[in-house]
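So the number in the working numbering is just where the residue sits in the sequence shown, counting from 1, plus 7.
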Amino acid sequence: MLSGLVIVDKPQGWTSHDVVARMRRLAGTRKVGHAGTLDPMATGVLVLGINKATRLLTYIVGTSKTYEATIRLGQSTNTDDADGEVTSETGAAGVDEAAIAAGIEDLTGDILQVPSSVSAIKVNGERSYARVRAGKDVQLEARPVTIRRFEVHAIRRVDGGRLVDVDVTVECSSGTYIRALARDLGVSLGVGGHLTALRRTHVGPYTIGQARTLEQLAENLEVLEMSAAARALMPNRELTAEETAELSFGRRIAAGPGAGTANAATPEKPAAAFSPEGELVALLADAGNHARPVLVFAPDSPSGAIGSPGLNSPQEGR
């Protein structure tokens with residue numbers, strides 16, 4: 008049974024669910040999930056899991072992300088990106104590079120961010136974007152995010168200098184809304200702002216260089232094998248033959264080298280354990296002097312794993 012990760016270069020205009028549906032047809036299986044959505048306007052890295060590899064997706068969702076983006080200053084939209092309607096315009100001719108740099112510095116590091124109201128966040132059991140479209144008032148709470156890098160590459164005056172386009176790279180924690188950064192930069196400068204282009208280049212250890220378009224994947228379905236995917240994603244532990252046998256029955260073994268320290272494996276951040284042959288056997292969490300299996304991969308099992316978190320991965324709006 009084909010199992011592994013597929014790193015897709017998502018095309019503009021497609022939803023993440025559109026890509027999953029296409030991959031189900033290409034891979035010939037219903038067991039396909041994704042590790043965090045991209046807005047239809049966005050392109051770039053979308054990590055998909057096939058069959059057994061869907062069990063890894065929950066550990067990919069929380070990894071850091073990197074984006075290439077263009078922020079337009081001087082216009083606000085109702086979606087904080089170019090897919091929405093312009094709601095206000097304020098000439099940005101007086102905004103200089105120093106002001107932009109200061110605004111970006113204020114949005115770098117550990118910040119509180121109010122997500123875009125047109126997002127998949129649920130409010131009283133209803134998606135925020137659905138409430139907005141129904142004309143309801145939506146007030147989302149600010150949440151902590153980390154902007155590790157917010158770097159300007161180019162500043163361009165457009166529309167006779169009335170608008171300013173800023174090309175940036177953003178490296179951030181999971182759950183960050185890049186459109187909200189564009190909105191907040193525009194607000195801080197007093198001219199409004201929205202996102203006009205967005206391309207995701209990294210999801211954790213997986214990069215745009217590994218990504219393939221849907222057309223390329225239709226010709227040659229490139230799948231990152233389970234062991235290689237897990238080695239890149241999490242700390243590694245090499246097992247003895249005896250430990251491999253114990254884990255195959257779901258039994259605990261001696262704790263890993265990092266047990267009792269800040270580097271100890273946990274259920275949220277487990278270690279990937281490999282047999283002497285290099286096969287992914289289990290994900291392990293340390294508990295005292297022992298390591299217990301969070302997830303055991305059974306090569307001959309139709310489900311592919313025991314104790315799995317399942318196919319549904321958390322949604323991550325942009």
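The beta-carbon is built from N, C-alpha and C at its ideal position, and this holds for glycine as well.
Problem set entry | Beta-carbon proximity list for SER315, same chain, < 7 Å, skipping 5 on both sides | Any reading at SER315 is ruled out, since the residue's pLDDT is 38, under 50, leaving its predicted position unreliable.
For this session: Measuring only between beta-carbons, confirm whether ALA236 sits less than 7 Å from chain D.
Result: Checking the listed chains, one finds no chain D in this structure; it contains a single protein chain.
For this session: Find the nearest neighbour of PRO242 within the set THR176, THR183, HIS160 and ALA292, judged by alpha-carbon distance.
Result: ALA292
Problem set entry | Beta-bridge pairing of GLY200 - partner residues as DSSP gives them | LEU80
Exercise. What did DSSP end up calling GLN120 once you bin it into helix, strand or coil?
Worked result: strand
Problem set entry | Sub-7 Å separation of HIS297 and ARG238 beta-carbons | no
For this session: Confirm, please, whether the CB-CB distance from ALA289 to ALA280 is below 7 Å.
Result: yes
Exercise. Using the beta-carbon count (16 or more within 10 Å), is ALA109 buried or exposed?
Worked result: Exposed, because fewer than 16 other Cβ atoms sit within 10 Å of the Cβ of ALA109.
Exercise. Mapping DSSP to helix, strand and coil, what is GLY20?
Worked result: coil
For this session: Kindly indicate the opening and closing residues of the alpha helix (DSSP H) around THR350.
Result: One cannot answer for residue 350 here, as it falls past the ends of the chain, which runs 8 to 325.
For this session: Put ALA292 into one of helix, strand or coil per three-state DSSP.
Result: If DSSP states are grouped into helix, strand and coil, ALA292 belongs with the strands.
Exercise. Which residues mark the beginning and the end of the alpha helix (DSSP H) in which GLU148 is found?
Worked result: Looking at the DSSP string, GLU148 is not in any alpha helix (DSSP H), and its letter there is neither H nor E.
Exercise. What are the start and end residues of the alpha helix (DSSP H) that includes ILE67?
Worked result: 64–68
Exercise. Can the beta-carbon of GLY20 be found closer than 7 Å to that of PRO47?
Worked result: In this structure, PRO47 lies closer than 7 Å to GLY20 by Cβ.
For this session: Quick one: residues in its chain with C-beta nearer than 7 Å to the C-beta of THR84, no 5 flanking neighbours on either side, listed in chain order?
Result: Cβ within range, chain order: GLY91, GLU92, VAL93, THR94 and HIS201.
Exercise. Under the three-state reduction of DSSP, which class applies to LEU228: helix, strand or coil?
Worked result: coil
Problem set entry | For HIS160: DSSP bridge partner residues | In DSSP, HIS160 forms no bridge with anything.
Problem set entry | Backbone secondary structure at GLU323 - three-state DSSP | Confidence at GLU323 is low in this model, with a pLDDT of 43, below 50, so the placement of that residue should be treated as unreliable; the coordinate-derived value is given next. GLU323: coil per DSSP, three-state reduction.
Problem set entry | Segments assigned alpha helix (DSSP H), at least 4 residues, entirely inside the stretch 18–62 | With a minimum length of 4 residues, the continuous alpha helix (DSSP H) runs that stay inside the stretch 18–62 are 23–34.
For this session: Have a look at ARG31 and MET8 and give me their C-alpha separation to the nearest angstrom.
Result: 14 Å
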